[in-house]
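Notes follow once the structure below has been shown.
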Amino acid sequence: MHCCLTSGLAVVGNRVVIQRNPTSGSGRGARQLKVLIADLRQAGFRVRLFASRERMDAFLAQEEVRAEIHCLVAAGGDGTVASVAQRHPEFPVAVMPLGTENLVARHLRIPKCGRTAAAVIRDGKTKIYDTAFVNDQRCLLMVSVGMDGDVVRRLSMVRSGNISHLSYARPILGSLLKYDFPVVSVHDDDGTLLAQGTHVIVTNIPEYGFRMQFSPNANPHDGQLDVRVFHRTGPIRTLMHIIRTRLGMADRQGDVTRITRSGVELRCETDAPVQFDGDPAGSCPVRVRIEPASMTLMVRSTEQ
């Protein structure tokens with residue numbers, strides 16, 4: 006029998022249920038997933054692996070199974086983590102990173118290593134995180150409107166199977182050449198206009214792709230969204246800002262407005278593509294709200 010503590014409540018069970026993203030984790034990732042399963046079984050856990058969401062959900066609908074759950078494992082990228090948390094928020098979620106970026110795993114300092122992920126699950130330490138909702142979809146990391154939303158949309162139109170960082174090259178080039186940077190407005194819950202800019206990033210967990218942090222002060226435990234509104238427009242200024250961010254340089258005064266709120270609405274008079282957690286999410290308008298202390302993640306034993 007295994008036990009861990011979540012905000013003072015004992016979570017007891019010896020079942021580990023793994024959701025694998027079938028489009029992630031070939032090669033080394035698949036080998037590490039096998040290592041994870043072997044290590045967990047050696048430690049006495051009963052492990053089930055699912056590629057089908059529907060079959061996993063049906064399995065977890067059984068009361069006798071639910072009573073024995075130690076944790077669920079999201080084996081894939083950030084979309085897999087969000088999907089598992091969206092469908093089963095009542096269970097702790099462990100992360101086995103198999104995707105291209107794996108930003109949640111990076112935040113938790115969990116590498117693409119089956120033994121490390123198994124140790125995290127075996128140790129049983131958990132931490133409660135805020136999540137956000139983009140309309141009615143759970144979001145773990147960030148939602149943005151602007152050129153990166155256009156890049157994600159372009160990638161989704163040509164994507165098939167696994168992707169790498171190189172997969173973004175053509176969509177990024179296409180956005181730099183063709184995106185017209187429409188003005189996006191940020192509104193409070195009561196409709197009050199807070200700021201306007203050509204790029205808006207609403208952040209919960211401060212990790213971003215390509216090892217950049219546009220919102221380094223975002224805190225996924227404070228019940229607030231960190232909203233960054235970028236005012237400069239055009240491909241050259243966008244590239245310069247990306248370079249400054251990648252180098253860890255502070256935002257220049259007047260370039261960015263920072264807002265903290267529990268909820269905002271993003272609007273645009275033209276088609277402004279939205280993305281959250283690296284997946285396309287249609288166009289504005291979009292409503293984003295924080296849901297404090299709504300997800301339990303398995304963390305390393307050294308996590309404070």
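Residue numbers 6 to 309, in our numbering, belong to the letters of the sequence shown in order. Backbone N, C-alpha and C define an ideal beta-carbon position, used for all residues, glycine too.
Which residues DSSP lists as bridging P278, in chain order: S288
Exposure of A286, with buried meaning 16 or more beta-carbon neighbours within 10 Å: buried
DSSP three-state assignment for T262, whether helix, strand or coil: In the three-state scheme derived from DSSP, where H, G and I count as helix and E and B as strand, T262 is classed as strand.
Cβ-based burial, G226 [other Cβ within 10 Å; buried from 16]: The sequence given here has His at residue 226, not Gly. Counting Cβ neighbours within 10 Å, H226 comes out exposed, since fewer than 16 surround it.
Residue environment, E274, which counts as buried when at least 16 other CB atoms sit within 10 Å: exposed
Meets three-Cβ-pair contact criterion under 8 Å: the segment 41-52 and the segment 112-128: yes
Rounded distance between the beta-carbons of M61 and V22, thought under 8 Å: V22 to M61, Cβ: 6 Å. Contact.
Per-residue DSSP class, three states only, for D62: Helix.
Limits of the alpha helix (DSSP H) - the one that Q121 falls within: The residue asked about is misnamed: residue 121 is Thr in this sequence, not Gln. From DSSP, the alpha helix (DSSP H) with T121 extends over G119 to D128.
Q218 (DSSP reduced to helix, strand or coil): coil
Segment contact, 8 Å Cβ cut-off, at least three pairs: the segment 181-189 with the segment 215-224: no
C-beta atoms of V2 and T262 nearer than 8 Å: In the structure as shown, the chain starts at 6 and stops at 309, and residue 2 therefore has no counterpart that could be examined.
Pairwise C-alpha distance: A298 and T307: 21 Å
Backbone CA spacing between D194 and R266 [nearest angstrom]: 9 Å
Where I206 falls, given that 16 or more other Cβ within 10 Å makes a residue buried: By the neighbour-count rule (16 or more Cβ atoms within 10 Å), I206 is buried.
Which listed residue (R120, T301 and P187) has its alpha carbon closest to that of H236: P187
Nearest candidate by alpha-carbon position, reference V139, set D282, E69 and P94: Of the candidates D282, E69 and P94, the one whose C-alpha sits nearest the C-alpha of V139 is D282.
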